[in-house]
Amino acid sequence: MSQPQESEPYSGALTGALGHITINLEAIARNWQSLARLVAPADCAAVVKANAYGLGATRVVPALQRAGCTTFFVATLGEAHQIRSLIGSGRIFVLDGVLPEFASGFADDSIIPVLSTPEEIVLWRKEAKSRGKVLPAALHIDSGLNRLGLSVNDVTDLAATEGAFDGLEIVLTLSHLASADTPDAPENDAQRMAFETLSAKIPAKQKSLAASDGLMLGQAYHFDLVRPGYALYGGQAFQGGPTPVEPVVRVTAKLLQVRTLKAGDFVGYSATFRAANPMTIAIVSAGYADGVARAASAGTGDVGGVVAIAGKSAPIVGRVSMDLIAVDVSHIPAQDLKRGSDVELIGPNVPLDHVGQHAKTIGYEVLTRLSPRFARTYLEEALS
Ligand SMILES: *Cc1c(COP(=O)(O)O)cnc(C)c1O
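Sequential numbering of the sequence shown, starting at 1304, is according to my numbering.
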């Protein structure tokens, strides 16, 4: 396999960007293939909602399609239209379902709504009737998460009603797990059994329960189709061991200035950090407008976010501001602290999931908040 090549920079980035996001499309493709192998003979879809978790659906989706993926999940009709324009044929499911004003838009573009309420089923049947054809549908069955999905009573009523799905082809029943990242959580087994019982009442071509973490719980959770999102993008949210995927995203900013502090000097807004001893700090060109969470700030004695300079980690000191952070570089040699050198915010030395933890959130939120003003480079294999 040849080395990934740099492609065109992201056209939305402004001239003089002080940060860079590198997205490895080949790694995303390999991650999908790795998960597909793990769950075979079950099928593997890809969840590409929220602009492929912030990484750019226009680049990510064709890479997934080349890897062999033919089923995609998004949250909204607008996202679905975008995916349709990228993949031509292939199945696209909309997880948030269909409102009356959008029903014809779904049918026109062969988008499959995931129906979560009896009203939606009636609405989609009407759309089928008005077109004089059978429309595909997926049904979301709630197995305990109490987010979207048909209730136990809904499923029982529908199963007992003659012709409840007339005009529809139920291609998929699905449910979603609450605690799949925690292998010992009692909800996992309970939800799997509830899904087995409830989905058995409704004839569907395929069944699906697991997302990125659920598929790591073992074959009993795979059913016919798995729906990973985060793991495709290099996420390691599963607590029971490593998911067989590699990192995808590297984010760097620039070192702008180095300053020496005396004991007692403070750093940043509200003076939350004070130097106990003389120290050296670096000012870096990334702030909360670039997705560095303000929650990663570190007053005196707090543990906040961490970056890496020349492979050595450097903790944030003081408040994260809009465009800048300060980091402690007292232990880093001066030759590695030149103005303009790269500072790693996410990458081999600063794993995505740690960035999430230090910001008191999860890597998912970090990805979907990547800086709109950083330049983007997509790595993909040179077409030969
Ligand atoms: C977002 C989502 C997924 C994907 O979850 P990951 O944890 O990112 O793999 C799958 N199914 C549903 C219903 C979702 O909302």
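Cβ coordinates follow ideal geometry from the N, Cα and C atoms, glycine included. Bear in mind that the values here come from a model prediction, so they are computed numbers and not experimental data.
Are the CB atoms of Val1551 and Tyr1536 within a distance shorter than 8 Å? As a first step, residue 1536 must be located in the sequence shown, where it is residue number 233. As a first step, residue 1551 must be located in the sequence shown, where it is residue number 248. Annotated as proximal: Tyr1536 and Val1551, with beta-carbon spacing under 8 Å.
If you check the beta carbons only, do Leu1512 and Leu1477 fall under 8 Å apart? Translated into positions along the sequence shown, residue 1512 becomes position 209. Translated into positions along the sequence shown, residue 1477 becomes position 174. Taking C-beta atoms as the reference points, Leu1512 and Leu1477 count as a pair closer than 8 Å.
Mind the definition here: the region 1328–1343 touches the region 1637–1653 only if three or more C-beta pairs lie below 8 Å; say whether that holds. Verdict: no, contact absent.
Compare the Cα-Cα distances from Leu1380 to each of Thr1373, Gly1371, Leu1367 and Val1397 and report the closest residue. As a working note, residue 1380 is residue 77 in the sequence shown. By alpha-carbon distance to Leu1380, the top candidate from Thr1373, Gly1371, Leu1367 and Val1397 is Val1397.
Hey, is the region 1363–1376 in contact with the region 1557–1571, meaning 3+ C-beta pairs nearer than 8 Å? For the pair of segments examined, the region 1363–1376 was found not to touch the region 1557–1571: the number of CB pairs separated by less than 8 Å stays below three.
Proximity to Pro1439 [Cα-Cα], best of Ile1414, Gly1371 and Leu1461: By 1-based counting over the sequence shown, the position of residue 1439 is 136. That would be Ile1414, whose Cα lies nearest to the Cα of Pro1439.
Evaluate Val1363 with the Cβ neighbour count: other Cβ atoms within 10 Å of its Cβ, from every protein chain shown; 16 or more gives buried, anything less gives exposed. Walking along the sequence shown from the start, residue 1363 turns up at place 60. It counts as buried.
For Thr1664, the first and last residue of its enclosing beta strand (DSSP E): For the purposes of this step, residue 1664 is identified with residue 361 of the sequence shown, where counting begins at 1. For Thr1664, no beta strand (DSSP E) segment is defined, and its DSSP state is neither H nor E.
Inter-residue Cα distance where the pair is Ala1355 and Ile1395: Locating residue 1355 in the sequence shown gives position 52, where the first residue counts as 1. Locating residue 1395 in the sequence shown gives position 92, where the first residue counts as 1. The alpha-carbon atoms of Ala1355 and Ile1395 are separated by roughly 14 Å.
With respect to the beta strand (DSSP E) encompassing Val1474, which residues constitute its N-terminal and C-terminal limits? Numbered from 1 along the sequence shown, position 171 holds the residue referred to as residue 1474. Looking at the DSSP string, the run of the beta strand (DSSP E) that includes Val1474 is Leu1471 to Leu1477.
Report the option in Gln1638, His1657 and Cys1347 whose CA atom is closest to the CA atom of Phe1526. Translated into the one-based positions of the sequence shown, residue 1526 becomes position 223. For the residues Gln1638, His1657 and Cys1347, the minimum Cα distance to Phe1526 belongs to Cys1347.
Given this structure, state the Cα-to-Cα distance separating Asn1449 from Ile1473, to the nearest angstrom. Position 146 of the sequence shown, counting from 1, holds the residue named residue 1449. Position 170 of the sequence shown, counting from 1, holds the residue named residue 1473. Answer to the nearest angstrom: the Cα atoms are 22 Å apart.
Between the Cα of Gly1594 and those of Ser1674, Ala1601 and Tyr1667, spot the shortest distance and give me the residue it belongs to. Within the sequence shown, residue 1594 is the residue found at index 291, counting from 1. Just measuring C-alpha positions, the residue of Ser1674, Ala1601 and Tyr1667 sitting nearest Gly1594 is Ser1674.
Ignoring anything shorter than 4 residues, give me the alpha helix (DSSP H) runs that lie fully in the region 1340–1411, in order along the chain. Counting whole runs of 4 or more residues, the region 1340–1411 contains the alpha helix (DSSP H) stretches 1352–1356, 1360–1370, 1380–1390 and 1406–1411.
Within the continuous beta strand (DSSP E) that includes Ala1424, where are the two ends? Translated into the one-based positions of the sequence shown, residue 1424 becomes position 121. Inspection of the sequence shows that residue 1424 is occupied by Ile rather than by Ala. Taken as a continuous stretch (DSSP letters only), Ile1424 belongs to no beta strand (DSSP E), being part of the alpha helix (DSSP H) at Pro1421 to Arg1434.
Classification of Thr1325 by the beta-carbon crowding that lies within 10 angstroms, buried from 16 upward: Looking up residue 1325 in the sequence shown gives position 22. Thr1325 is classed as buried because its beta carbon has at least 16 other beta carbons within 10 Å across all chains shown.
Does the beta-carbon of Ser1502, which I'm using as the reference point, lie nearer than 7 Å to any heavy atom of ligand 1? Sequence index remark: in the sequence shown, residue 1502 carries index 199 (1-based). Not one heavy atom of ligand 1 lies closer than 7 Å to the C-beta of Ser1502.
Compare the beta carbon distance of Leu1475 and Arg1428 with 8 Å and say whether it is the shorter of the two. Your numbering for residue 1475 matches position 172 in the sequence shown. Your numbering for residue 1428 matches position 125 in the sequence shown. It is not a contact, given that the beta carbons lie outside the stated cut-off.
Cα-Cα separation between Ser1502 and Ile1444, rounded to whole angstroms: What you label residue 1502 is simply residue 199 of the sequence shown in a count that begins at 1. What you label residue 1444 is simply residue 141 of the sequence shown in a count that begins at 1. Cα to Cα, Ser1502 sits roughly 7 Å from Ile1444.
For the structure I just gave you, are there three or more beta carbon pairs, one from the region 1603–1612 and one from the region 1574–1592, closer than 8 Å? With a cut-off of 8 Å, the region 1574–1592 and the region 1603–1612 count as touching, because enough Cβ pairs lie within range.
Here's the rule: buried if 16 or more other CB atoms are within 10 angstroms of the residue's CB, otherwise exposed. What is Lys1352? Taking the first residue of the sequence shown as 1, we reach residue 1352 at position 49. Under a 10 Å Cβ-count criterion, Lys1352 is classified as buried, with 16 or more other Cβ atoms of the shown protein chains found around its own Cβ.
Could you give the uninterrupted runs of the beta strand (DSSP E) lying entirely in the region 1547–1630, keeping only those of 3 residues or more? At a cut-off of 3 residues, the continuous stretches assigned as beta strand (DSSP E) that sit fully inside the region 1547–1630 are 1552–1564, 1582–1587, 1609–1612 and 1615–1620.
So Arg1369 packs on Glu1549, CB below 8 Å; how close in whole Å? For this step, residue 1369 is matched to residue 66 along the sequence shown. For this step, residue 1549 is matched to residue 246 along the sequence shown. The distance from the Cβ of Arg1369 to that of Glu1549 is about 17 Å, inconsistent with a contact at the 8 Å cut-off.
Cβ atoms of Ala1320 and Ala1678: under 8 Å apart, would you say? Counting from 1 along the sequence shown, the entry for residue 1678 is found at position 375. Counting from 1 along the sequence shown, the entry for residue 1320 is found at position 17. For Ala1678 and Ala1320, yes; Cβs fall inside 8 Å.
Only counting the same chain, and skipping five residues up and downstream in sequence, which positions put a Cβ closer than 7 Å to that of Ser1419? The residue you call residue 1419 lines up with position 116 of the sequence shown. Shown here for Ser1419: same chain residues with a beta carbon closer than 7 Å to its own, the five before and five after excluded, namely Gly1400, His1443, Leu1451, Gly1452 and Leu1453 in chain order.
I need the DSSP call for Val1437, collapsed to helix, strand or coil. Translated into positions along the sequence shown, residue 1437 becomes position 134. Coil, per DSSP.
Which of helix, strand or coil does DSSP assign to Leu1501? Counted from its first residue, the sequence shown places residue 1501 at position 198. Looking at Leu1501 - three-state DSSP - the assignment turns out to be helix.
Under 8 Å between C-beta atoms of Ala1493 and Leu1520: The count along the sequence shown starts at 1 and reaches residue 1493 at position 190. The count along the sequence shown starts at 1 and reaches residue 1520 at position 217. With contacts defined as CB atoms closer than 8 Å, Ala1493 and Leu1520 fail to qualify as a contacting pair.
Residues of its chain near Phe1541, where Cβ-Cβ distance is below 6 Å and the 5 sequence neighbours each way are ignored: Working through the sequence shown from its first residue, we reach residue 1541 at position 238. Excluding residues within five positions, the ones whose Cβ falls inside 6 Å are Asp1484, Asp1516 and Met1519.
Helix or strand or just coil, what does DSSP make of Gln1539? Residue 1539 sits at position 236 when you count from the first residue of the sequence shown. If DSSP states are grouped into helix, strand and coil, Gln1539 belongs with coil.
Neighbour-count burial assignment, Tyr1591, 16 or more Cβ in a 10 Å radius: Working through the sequence shown from its first residue, we reach residue 1591 at position 288. Result: buried.
Contact set for Val1350: own chain, Cβ-Cβ below 6 Å, skip 5 residues either direction: Sequence index remark: in the sequence shown, residue 1350 carries index 47 (1-based). The beta carbon of Val1350 sits closer than 6 Å to those of Phe1376, Arg1530 and Gly1532, all from its chain and outside the five residues before and after it, given in chain order.
State buried or exposed for Tyr1524, treating a residue as buried only when at least 16 other CB atoms are found within 10 Å of its CB. Start at 1 with the first residue of the sequence shown, and residue 1524 comes out as number 221. It counts as buried.
Assign Arg1333 to one of three DSSP states: helix, strand, or coil. Translated into the one-based positions of the sequence shown, residue 1333 becomes position 30. Helix at Arg1333.
Can you give me the start and stop residues for the alpha helix (DSSP H) that Asp1460 sits inside? Residue numbering aside, residue 1460 sits at position 157 when the sequence shown is read from its first letter. If you look at Asp1460, you'll find it in the alpha helix (DSSP H) that goes Val1455 to Ala1463.
Who are Ser1511's beta bridge partners in DSSP? Taking the sequence shown and counting its residues from 1, the one referred to as residue 1511 is at position 208. According to DSSP, which records beta bridges pairwise, Ser1511 is partnered with Leu1477 and Leu1528.
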